[in-house]
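Protein chains: 2
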Amino acid sequence: MKRTKKERQQLLIETITDNPFVTDDQLAAKFSVSVQTIRLDRMELAIPELRERIKDVAAKNYENEVKSLPLDEVIGEIIDIELDKRALSIFDVREEHVFQRNGIARGHHLFAQANSLAVAVINDELALTVKSNVTFVKPVKSGDRVVTKAMVRAEDKLKNRTYVDVQSTVDNEIVFLGEFEMYRTKGVGETT
Amino acid sequence: MKRTKKERQQLLIETITDNPFVTDDQLAAKFSVSVQTIRLDRMELAIPELRERIKDVAAKNYENEVKSLPLDEVIGEIIDIELDKRALSIFDVREEHVFQRNGIARGHHLFAQANSLAVAVINDELALTVKSNVTFVKPVKSGDRVVTKAMVRAEDKLKNRTYVDVQSTVDNEIVFLGEFEMYRTKGVGETT
DNA sequence: CTGGTATTAGTACCAAGTTCTAATACTAAT
DNA sequence: ATTAGTATTAGAACTTGGTACTAATACCAG
């Protein structure tokens, strides 16, 4: 034959990598060998069958589909809160929160936890984030438990503003710092 | 226990949409009907068989992959991108993104759109947000279509930093402004 | 000519279906 | 109660794209 086994197998790898949707039949025709030879080759090279290859591609796609932010009121679980003073929440980082490439959590999940905690700590029907200044100090990985603390730092009664500092840690190491300027409808202590 | 045909078919659609990888057998067990019934349902609803569904998912993935770019990894839909220069995405605000109380979008959704666009615009395998400074200029409501533009403003090759300005508008009115300091592994134009 | 590798052939089997036919079950209405 | 019509279930034959295995043959080197 024209090609040696090695050459054929090399080409096989390339062909399948290039187009995982190709059947053994098509490959056999392409290389002018029998289907069995192709199957032997695949076995030696540990290349799975067509359906498995397709499933892999599909599954990868599915996993990679970004989970948008959850729709809950609060991202993370609030475990302690003292209105208008401080609040504490935890958030367990899972696979769906990280870049699959490097396992590092997407920034907006940490932001979401901090932001919703800043909203929660304010004792008001309506609290909106006006500005925020955040630093992602250290990468957070899948499996990490992020403990986030929000502390009300100051109040501007005239402007209806509340300033909240947020700090997130993993194993007591700071991973995220944020300052949030929040708008509120009513001042502290008002009830109407 | 006993659902009507319509109910079952509705649930069937949802189930398969949610998880295309489910077999007729599993569906039959789930709805306590025979496999044949499931197949009749699929025929009536023109839902293809498992393998075709998987192939569809895979094919879709493949198309996207050919266009390269981690377009999947973005909150909102990227409609235009010029790597290392600018990018544009749209995000339709729906009920689940807003505070029920007042219909105003939660800040972290806008942040997420901006943040993921800032990540996407950077032509690098790995881009991480280091710092960001954002302002929620104007409340965004359910039904609004947020158009977000990210522009690369500067590059600090020594520190591996890229500075991205992000601006979101609804009906040409600015609703969100952000500055993002991004870390990248490689400089612009480098390939290895 | 003999051994070892490479290739081909053939059989039985599998999953997850399709297509088709036929039998039953349920329900609603005359 | 009978009957029509829909809904459900059952079963057999066939399809794809394979796996797993056995066995025969081809090729090439020493």
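Sequence lines, in order, name chains A and B.
The numbering of the first sequence is this note's numbering, which starts it at 1 and goes up by one.
The numbering of the second sequence is this note's numbering, which starts it at 1 and goes up by one.
Glycine residues also receive a C-beta, built at the ideal position from the N, C-alpha and C atoms.
Model, not experiment: these values are computed from the prediction.
Review point. So with Cβ pairs under 8 Å, would you call glutamate 95 of chain A a contact of chain B?
Key: no
Exercise for review: From the DSSP output, read off the bridge partner residues of asparagine 172 of chain B.
Suggested key: Paired residues: none, contrary to the question.
**Study point:** Selected residue, minimal CA-CA separation from alanine 87 of chain B, among B:Arg42, B:Thr148, B:Val130, B:Glu44
**Key:** B:Thr148
Check your understanding: chain A beta carbons: is any one of them nearer than 8 Å to that of isoleucine 54 of chain B?
Key -> yes
**Study point:** Cα-Cα separation, aspartate 92 of chain B to proline 20 of chain B
**Key:** 25 Å
**Study point:** Bridge-paired residues (DSSP) for arginine 145 of chain A
**Key:** A:Asp92
Point to revise | Interfacial residues, the segment 121-143 of chain A to chain B, with Cβ spacing under 8 Å | key: Glu125, Leu126, Leu128, Thr129, Val130, Lys131, Ser132, Asn133, Val134, Thr135, Phe136, Pro139
Review point. Which same chain residues, not among the five before or five after arginine 94 of chain A, have their C-beta less than 7 Å away from its C-beta?
Key: Ser142
Review point. How about alanine 150 of chain A and valine 121 of chain A: do their beta carbons lie closer than 8 Å?
Key: yes
Check your understanding: Three-state secondary structure (DSSP) at glutamate 14 of chain A?
Key -> helix
Point to revise | Neighbour flag for alanine 58 of chain A against chain B, beta carbons, 8 Å | key: yes
Practice item. Express the C-alpha separation of valine 35 of chain B and glutamate 27 of chain B in angstroms, rounding to a whole number. Key: Before going on, a small fix: residue 27 of chain B reads as leucine here, not glutamate. Looking at the two C-alpha atoms, the distance is approximately 8 Å.
Point to revise | Rounded straight-line distance, which links the Cα of glycine 103 of chain B to that of valine 140 of chain B | key: 8 Å
Practice item. Drop a sphere of 10 angstroms on the beta-carbon of lysine 55 of chain B, count the other beta-carbons inside from all chains shown, and report buried for 16 or more, exposed for fewer. Key: buried
**Study point:** serine 132 of chain A beta carbon less than 8 Å from that of isoleucine 75 of chain A
**Key:** no
Exercise for review: Tell me where the alpha helix (DSSP H) around aspartate 24 of chain A begins and ends.
Suggested key: 24-31
Point to revise | Straight-line Cα distance separating glutamine 9 of chain B from aspartate 84 of chain A | key: 50 Å
Review point. On the premise that valine 119 of chain B lies in contact with alanine 196 of chain B, defined as a C-beta separation below 8 Å, what is that separation, rounded to the nearest angstrom?
Key: What is shown of chain B runs 1 to 192, which leaves residue 196 of chain B out entirely.
Check your understanding: Per DSSP, which one or two residues make a beta bridge with valine 121 of chain B?
Key -> Valine 121 of chain B pairs with nothing; no bridge assigned.
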